[in-house]
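K.L.:
This note's numbering puts the first residue of the sequence shown at 1098, with every later residue one more than the last.
Where a beta carbon is used, it is the ideal one built from N, C-alpha and C, also for glycine.
Predicted model, so just to flag it, every value in this text is computed and none were measured.
One structure coming up, written as structure tokens, with questions to follow.
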Amino acid sequence: MPLPRLLVLSLGGTITMTAGGAGGIAPTLGADDLIDAVPAIAAVAEIDAHSLFRLPSPSLGLEHVNEVAREIRLAFASGYDGAVVIQGTDTIEETAFALDLLIDDECPVVVTGAMRGAEAPGADGPANLLASVIVAASAAARGLGTLVVLNDEIHAARFVRKTHTALASTFASPDLGPLGMVIERRARFLARVPGGPKFQVEGPAPAVALLKMTMGDDGRMIRALRQLGYWGLVLEGMGAGHVPGEIAGLVGEVASHMPVVLASRTLGGPVFTRTYGYAGSEIDLIGRGLIPAGFLQATKARLLLALCLEAGYGREAIDRTFAAYR
Ligand code: ASP
């Protein structure tokens, strides 16, 4: 039996970083260097590796993700069985979610990285890369959309979050737990998640703002928003999706001019829709036109809203799209 054929794309991140002249580590290694450092990969899959970028992941944008999605779609159309994307962990949860929205294919897409630099004792990059190749080559991973694999755990793009600045166990899916694990070099799945919406857009995406609500917020950032050229807003509300009562009217006014999605600043659980009835509560805000994000964290809601706007969706279509996450 021929081995599965995988496309491996490296974008940069700590996994590619070594000590540079300027002090501190920076991206230097390419996809081939990373693959060559893990001989066990050769027994799992046939690899075609490319270094698309050498960037720290805070410098990645939706335009980079669009390019990655394009490469992967082309690869799947020409017969590849899966894809692995290597990048920095800071933005993995956003990149993976955007890829999940932009790639409509049964073939597995796995995003991975590392918490320790390539030269650090106990570097986790090689193990994460091998585990990712195993998942991307696995028939059991087909139809699960984009996955994030680190620390031998397999997470769904829509739920995964970076929860710690330093630990190799940083990635978690607070609402669900991992979908599976890589054990004895085999991908084992314990759960599946339903597929989400898909988009066929090429960018550039319209600008969407993200504002976190804080105690005593007087709304001056929200007031300034309309002059700044944003097409939409994600409001990261308190608790189940709340803002101070004094600014509820202002929020409603913004929602009459641009789509405003209501997310939660907590670490898990959905935005409520029918419990609290005071000024600034979720019932009040939804009544003023805000769109509840469901279980989607604010950073992912921002990407989804940007793609909806790029696709030309109006308020009703945006609401229907977010309903998939409620
Ligand atoms: N700052 C780094 C980045 O996101 C961290 C990492 O790669 O894990 O590129």
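1) For Thr-1372, is the classification buried or exposed, using 16 other Cβ atoms within 10 angstroms of its Cβ as the cut-off for buried?
2) Looking only at C-alpha atoms, which of Arg-1255, Leu-1404, Gly-1386, Ser-1148 sits nearest to Glu-1413?
3) Between the Cα of Tyr-1177 and the Cα atoms of Glu-1333, Asn-1248, Thr-1188, Glu-1143, which residue gives the shortest distance?
4) With three or more beta-carbon pairs closer than 8 Å as the criterion, would you say the region 1098-1117 touches the region 1144-1151?
5) Identify the residues that DSSP records as bridge partners of Pro-1389: which are they?
6) What alpha helix (DSSP H) runs, 4 residues minimum, are completely inside the region 1316-1358?
7) Within its chain, find whatever has a CB closer than 7 Å to the CB of Phe-1173; leave out the 5 residues flanking it on each side and keep chain order.
8) If we count the other Cβ atoms within 10 Å of its Cβ and call it buried at 16 or more, is Ala-1137 buried or exposed?
9) Which residues does DSSP pair with Gly-1179 in a beta bridge?
10) Give, in chain order, every unbroken run of the alpha helix (DSSP H) that is at least 4 residues long and sits entirely within the region 1189-1275.
11) Compute every distance between the C-beta of Thr-1209 and the non-hydrogen atoms of the ligand ASP, then say whether any falls below 7 Å.
12) Counting pairs of Cβ atoms below 8 Å between the region 1281-1300 and the region 1333-1351, do you hit three or more?
13) Considering just the uninterrupted stretch of the beta strand (DSSP E) at Arg-1417, what are its terminal residues?
14) Terminal residues of the continuous beta strand (DSSP E) containing Ile-1122?
15) Which residues bound the alpha helix (DSSP H) around Gly-1384?
16) Answer yes or no: the CB of Pro-1153 versus the heavy atoms of the ligand ASP, is any distance below 7 Å?
17) Pull up the CB-CB distance for Leu-1307 and Val-1331, whole angstroms please, since I reckon it's below 8 Å.
18) Please name the residue in Asp-1272, Leu-1359, Gly-1292 whose C-alpha comes closest to that of Met-1310.
19) Please state whether DSSP places Asp-1145 in a helix, a strand or coil.
P.N.:
According to the data block:
1) The count along the sequence shown starts at 1 and reaches residue 1372 at position 275. So Thr-1372 ends up on the exposed side.
2) On the sequence shown, position 316 is the one that residue 1413 refers to. Nearest option by C-alpha distance: Gly-1386.
3) For the purposes of this step, residue 1177 is identified with residue 80 of the sequence shown, where counting begins at 1. Comparing Cα-Cα distances from Tyr-1177 to each of Glu-1333, Asn-1248, Thr-1188, Glu-1143, the minimum goes to Glu-1143.
4) Contact holds: three or more Cβ-Cβ distances are below 8 Å.
5) Sequence index remark: in the sequence shown, residue 1389 carries index 292 (1-based). Partner(s): Leu-1359.
6) 1317-1322, 1345-1352
7) Position 76 of the sequence shown holds residue 1173. Residues Asp-1202, Cys-1204 of the same chain have their beta carbon placed closer than 7 Å to that of Phe-1173, with the five preceding and five following residues left out of the count.
8) To locate residue 1137, count along the sequence shown from 1; it is residue 40. Around the beta carbon of Ala-1137, fewer than 16 other beta carbons lie within 10 angstroms, which makes this residue exposed.
9) Counted from its first residue, the sequence shown places residue 1179 at position 82. The partner list for Gly-1179 (beta bridge, DSSP) reads Leu-1103.
10) 1189-1199, 1222-1233
11) By 1-based counting over the sequence shown, the position of residue 1209 is 112. False, no ligand heavy atom lies under 7 Å from that Cβ.
12) no
13) Your numbering for residue 1417 matches position 320 in the sequence shown. Taken as a continuous stretch (DSSP letters only), Arg-1417 belongs to no beta strand (DSSP E), being part of the alpha helix (DSSP H) at 1412-1419.
14) Position 25 of the sequence shown holds residue 1122. 1122-1124 is the span of the beta strand (DSSP E), which, as asked, contains Ile-1122.
15) Within the sequence shown, residue 1384 is the residue found at index 287, counting from 1. 1379-1384 is the extent of the alpha helix (DSSP H) around Gly-1384.
16) On the sequence shown, residue 1153 is found 56 positions in, with the first residue counted as 1. Flag set: Cβ of Pro-1153 near the ligand ASP.
17) For the purposes of this step, residue 1307 is taken as the residue at position 210 of the sequence shown. For the purposes of this step, residue 1331 is taken as the residue at position 234 of the sequence shown. Their Cβ separation, rounded to whole angstroms, is 5 Å, which keeps Leu-1307 and Val-1331 in contact under 8 Å.
18) Start at 1 with the first residue of the sequence shown, and residue 1310 comes out as number 213. Checking every option, the nearest Cα to that of Met-1310 belongs to Leu-1359.
19) In the sequence shown, counting from the first residue as 1, residue 1145 sits at position 48. If DSSP states are grouped into helix, strand and coil, Asp-1145 belongs with the strands.
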